[in-house]
Amino acid sequence: MPKSSSPVPDIPLLRTAWDYADERLGLGEVMALAAKKTVPQHKHSFWYYWGGISLFFFLVQCVTGVLLLVYYRPGPEAYESVRAITYDIEFGWLVRSAHSWSANLMVFSIFVHMFSVFFMKAYRKPREFGWWSGLGLLGLAMIFGFSGYLLPMDELAFFATKVGLEIPATMPVVGEFIGNMVRGGPDVNANTIQRFFALHVVILPALFIPLLMFHLWLVQRHGNAVPPGEEKKPASERRSIPFFPNFMAKDLAMWLLALNVLALLASLYPWQLGPEADPLAPAPVGIHPEWYFMSQFQVLKVLGEWFPGLTGEILGLAIFTGGGLLWALIPLFDTGSRFEQRARIATWIGFFALAAIAITTIWGYAALE
Ligand code: HEM
């Protein structure tokens with residue numbers, strides 16, 4: 002790459018360092034690629050930031066998670082180690098609080114990102130694999146949350162996990178086997194923590210990171226989708242800005258905002274630790290999962306009241322499987338603007354899904370004893 006196109010300031014030492022790396026790594030080619038990439042600008046551009054915001058919170062999870070690993074001990078000493086992190090170790094409370102808040106903000110951002118790509122119809126050809134890999138990431142992020150929830154082994158974590166694991170156990174034929182395998186036996190105990198820990202720090206990252214790379218590679222390959230309303234405009238009226246450095250600067254500004262929100266929440270509302278779980282004690286009132294499982298929790302609870310016994314639970318599982326499949330297959334149904342009728346149906350499915358999740362979640366909280 003000629004020296005004139007080097008992105009570093011004209012300082013001899015920096016120039017020499019850039020040329021050294023460029024000759025060996027071909028950095029100039031990467032820069033040329035980045036210079037070509039543009040991001041569309043229109044009234045819905047704000048939603049393009051949410052994938053990046055989800056990525057930011059995932060990076061925070063990696064950094065704070067590794068710091069927690071320094072003192073966390075899975076197994077019978079789990080509660081004591083989290084107590085020490087929270088009360089004895091300097092800034093332990095802050096790292097733990099940031100990890101827990103950021104986990105919630107990450108799932109929240111992924112939901113915003115998913116619904117915004119849905120309503121922009123960014124799942125249409127050629128971005129179907131972006132949609133499917135994204136759904137995989139959402140599923141893994143929720144399992145990250147579920148497995149992390151148990152790790153402090155306080156009262157709420159213990160009983161919520163116990164109740165949560167009773168759901169897959171209702172699946173016909175394989176349910177009991179799966180339940181016992183995940184728990185490490187019929188009860189939630191130190192074996193379960195060990196398994197959840199392995200899942201949380203080894204298995205899930207090993208699945209999540211390559212899937213995320215694939216997802217980001219697809220974004221790089223296809224660029225950002227333009228919503229149908231903008232697509233109809235003549236080319237002369239469409240606007241876009243270079244990704245580097247213009248959009249990247251805006252992306253980074255969003256990361257800074259996200260960091261501020263996280264810092265405020267983590268420091269003003271430190272993540273709490275309840276009393277140590279006592280497996281022999283009766284479940285305390287108001288046991289509930291994290292907010293992103295509240296919708297399913299409430300649906301199962303209500304179906305269980307309406308159809309006592311296994312029927313309610315199996316019906317619930319059938320609704321979630323059917324709904325999830327429909328959601329995953331939407332790119333095969335709403336294939337393009339030539340099918341106006343299908344496009345409208347897909348949009349209504351999106352509104353319905355959003356409303357159903359919001360209503361059942363609020364209902365779930367309102368119904369807590
Ligand atoms: C940790 C989880 C995720 C991360 C870090 C992530 C990251 C990103 C990033 C950085 C972009 C490009 C910027 C943007 O359009 O926002 C993007 C685009 C995209 N994502 Fe995700 N994503 C995640 C989850 C999801 C989920 C759950 C879905 C949907 C089920 C999804 C579907 C898509 C699609 C279809 C695009 C292309 C959008 C377009 O072309 O405008 N992603 N993602």
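This note's numbering applies: residue 2 is where the sequence shown begins, and numbers increase by one. Note that beta-carbon positions come from the ideal geometry of N, C-alpha and C, so glycine has one too.
Any heavy atom of ligand 1 inside 7 Å of the beta-carbon of residue i?
i, result
"His100", "no"
"Phe59", "yes"
"Leu326", "no"
"Ala142", "yes"
"Trp132", "yes"
"Asn225", "yes"
"Tyr72", "no"
"His43", "no"
"Arg239", "no"
"His114", "yes"
"His216", "yes"
"Gly52", "yes"
"Ser296", "no"
"Ser55", "yes"
"Gly135", "yes"
"Val64", "no"
"Arg128", "yes"
"Leu213", "yes"
"Ile315", "no"
"Ile350", "no"
"Leu330", "no"
"Tyr293", "no"
"Val83", "no"
"Ile210", "no"
"Gly104", "In the sequence as displayed, the identity of residue 104 is Ala instead of Gly. Flag unset: Cβ of Ala104 not near ligand 1."
"Leu139", "yes"
"Ala1", "No answer is possible for residue 1: it lies beyond the span of the chain, which begins at 2 and ends at 370."
"Met182", "no"
"Met121", "yes"
"Ile242", "no"
"Ile111", "yes"
Report the residue from the options whose alpha carbon sits nearest the alpha carbon of residue i.
i, options, result
"Val71", "Glu177, Tyr366, Arg97 and Tyr49", "Arg97"
"Tyr124", "Pro169, Leu333 and Phe245", "Leu333"
"Gly53", "Gly275, Leu213, Thr322 and Trp19", "Leu213"
"Pro50", "Pro290, Leu265, Met32 and Phe248", "Residue identity differs from the one stated: residue 50 is Tyr in this sequence, not Pro. For Tyr50, the nearest C-alpha among the options comes from Phe248."
"Phe145", "Val300, Phe294 and Gly186", "Phe294"
"Tyr73", "Gly149, Thr17 and Phe298", "Gly149"
"Ser296", "Leu281, Gly287 and Gly317", "Gly317"
"Pro243", "Lys233, Gly224 and Asn261", "Gly224"
"Leu396", "Asp335, Met107 and Glu291", "Only positions 2 to 370 of the chain appear in the structure, and residue 396 is not among them; the question remains open."
"His43", "Leu138, Arg240 and Arg25", "Arg240"
"Gly324", "Thr336, Val300 and Pro309", "Val300"
"Phe401", "Asp20, Pro173, His100 and Val286", "Outside the displayed span of the chain (2 to 370) sits residue 401, for which this structure offers no information."
"Pro283", "Ala264, Leu95 and Val164", "Val164"
"Ala207", "Ala22, Thr17, Phe353 and Cys63", "Cys63"
"Asn105", "Ala344, Phe47, Met172 and Leu263", "Leu263"
"Met255", "Trp48, Ala226, Gly365 and Pro280", "Trp48"
"Pro380", "Asn192, Phe340, Ile346 and Asp252", "Beyond the ends of the chain as shown, which are 2 and 370, falls residue 380; an answer cannot be given."
"Leu28", "Pro8, Ala158 and Leu311", "Pro8"
"Leu304", "Gln221, Ile168, Ala22 and Ile12", "Ile168"
"Ser103", "Ser55, Glu91, Met115 and Asp20", "Ser55"
"Pro187", "Thr162, Leu205, Pro173 and Pro211", "Thr162"
"Phe92", "Pro271, Ile204, Phe215 and Trp364", "Pro271"
"Pro77", "Thr87, Ile194, Ser46 and Arg16", "Ile194"
"Leu157", "Gly310, Val286 and Asp23", "Val286"
"Ala367", "Thr171, His289 and Ala22", "His289"
On the premise that residue j lies in contact with residue i, defined as a C-beta separation below 8 Å, what is that separation, rounded to the nearest angstrom?
i, j, result
"Ser338", "Pro229", "6 Å"
"Val202", "Leu166", "Incorrect: roughly 19 Å between the Cβ atoms, too far for contact."
"Leu141", "Phe209", "5 Å"
"Leu95", "Ser237", "52 Å between Cβ atoms; not a contact."
"Leu136", "Ile111", "That belief does not hold up - the Cβ atoms of Leu136 and Ile111 are roughly 10 Å apart, past 8 Å."
"Val108", "Met143", "7 Å"
Compare the C-beta of residue i against all C-beta atoms of chain C and say whether one is closer than 8 Å.
i, result
"Asn225", "Here there is only one protein chain, and chain C is not present."
Exercise for review: Count the C-beta pairs between the stretch 144–159 and the stretch 74–83 that are closer than 8 Å, then say yes if the count reaches three, no if not.
Suggested key: yes
Point to revise | Touch test, the stretch 119–133 against the stretch 315–331, Cβ-Cβ under 8 Å, three pairs minimum | key: In short, these stretches touch, since the Cβ pair count reaches three.
Practice item. Would you check if there are 3 or more beta carbon pairs closer than 8 Å linking the stretch 174–181 to the stretch 129–145? Key: No, the stretch 174–181 is not in contact with the stretch 129–145.
Review point. At which residue ranges does the stretch 201–286 contain complete beta strand (DSSP E) runs of 3 or more residues, listed in the order of the chain?
Key: 240–243
Practice item. Note down, one range per segment and in chain order, each alpha helix (DSSP H) of at least 4 residues found wholly within the stretch 39–88. Key: 50–70 and 79–88
Point to revise | Every unbroken alpha helix (DSSP H) inside the stretch 139–212 [4 residues or more] | key: 156–167, 176–184 and 191–199
Review point. Curious, which full-length alpha helix (DSSP H) runs of at least 4 residues does the stretch 338–368 contain?
Key: 341–367
Check your understanding: Is it a yes or a no for the stretch 356–369 touching the stretch 296–314, going by three-plus beta-carbon pairs under 8 Å?
Key -> Between the stretch 356–369 and the stretch 296–314, the count of C-beta pairs closer than 8 Å reaches three or more; the two stretches touch.
Review point. Within the chosen definition, does the stretch 256–275 reach the stretch 35–49 through at least 3 CB pairs nearer than 8 Å?
Key: No contact exists between the stretch 256–275 and the stretch 35–49.
Exercise for review: Mind the definition here: the stretch 197–204 touches the stretch 20–36 only if three or more C-beta pairs lie below 8 Å; say whether that holds.
Suggested key: The stretch 197–204 and the stretch 20–36 do not touch, with fewer than 3 CB-CB distances between them shorter than 8 Å.
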